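Accompanying notes for the structure given below.
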Amino acid sequence: MEQVQYRELQEPEPNSSFNSTSSSEDEIDFEAGEELDLTKLQTGQVVSSSGWLLNPAPPSLSNRKCLILDLDETLVHSSFKYVRQADFVIPVEVEGQVHNVYVIKRPGVDEFLKKVGEWYEVVVFTASVSRYGDPLLDILDRSRSIHHRLFRESCYNYQGNYIKNLSQIGRDLKNLIIIDNSPASYIFHPQHAIPISSWFSDTHDGELLDILPLLHDLSCIDDVRLSLDINI
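In structure tokens, the structure reads:
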């Protein structure tokens, strides 16, 4: 993120963004006892034919836990500004004009995706729009480890913020894990989260690979919430 924490990828226009966890500058204020039906869809949310964000898992994945991964500042860092060390560049159209987006991969992301794709049903869930996220993931996912992609239109809007609502995924909550650099994204389900720091360009970062042993262990247990409460 180049400007502020919850505005991950800014378009050239000052008042719009491809990828923003927050659609306002307000901090999220959520109390655990607040009455919300988190399974209820909101107007405009895009869901699958099943009525959940995802259709039922295919037989080949039905016995796996489900791993939700954030994209920007978790797996990659992207910028409209020229980046000499960019791993790849994608063209993205903004209001009729095509702009180049320079993408740097977080160290270890290729191995990370390959491994978790062997252990989990993998979902990339991002507050970005699909016209940016889809071409990026087409290049990033070299091992074809990502089984599903969810974008901004699937997010749950709460106090003007784009939340990744795990209660709407369509999987048993005991089988769901989320990795995201923004705690605001999983404010409703902190007991399912593995926190990770925001990444921009540090070539010595090793967090993705450091998480792998924990993820391997979690893939084999009955209820991930019990272990995450202890380990994180």
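Residue numbers (UniProt numbering): 1 to 232.
By construction, the Cβ of each residue, glycine as well, lies at the ideal position given by its N, Cα and C atoms.
If you're wondering where the values come from, they're calculated on a predicted model, not measured in any experiment.
Query                                                                                                                                                       : Result
State the CB to CB distance for the pair Asp87 and Lys115, rounded to an integer number of angstroms; the pair is presumed to be in contact (CB under 8 Å). : Contact flag wrong, Cβ pair sits at about 19 Å.
Curious, which full-length alpha helix (DSSP H) runs of at least 4 residues does the UniProt domain "FCP1 homology" (60-218) contain?                       : 109-119, 130-140 and 207-218
Flag this pair as yes or no: are the beta carbons of Pro135 and Ile90 separated by less than 8 Å?                                                           : yes
With Leu61 and His192 assumed to form a contact (beta carbons below 8 Å), what rounded beta-carbon distance in angstroms separates them?                    : In fact, because the Cβ distance is near 18 Å, the residues do not count as touching under 8 Å.
Just how far apart, CA to CA, sit Ile187 and Arg149?                                                                                                        : 20 Å
Relative to the C-alpha of Ile169, which residue among Gln159, Ser49 and Asn161 is closest?                                                                 : Ser49
Mark Asn165 as exposed unless 16 or more other C-beta atoms lie within 10 angstroms of its C-beta, in which case mark it buried.                            : buried
Given that a residue counts as buried once 16 or more other Cβ atoms are within 10 Å of its Cβ, and exposed if not, what is His204?                         : exposed
So Lys65 packs on Leu218, CB below 8 Å; how close in whole Å?                                                                                               : 7 Å
Assuming Glu73 and Phe151 are in contact, meaning their beta carbons sit under 8 Å apart, how far apart are those beta carbons, in whole angstroms?         : 16 Å between Cβ atoms; not a contact.
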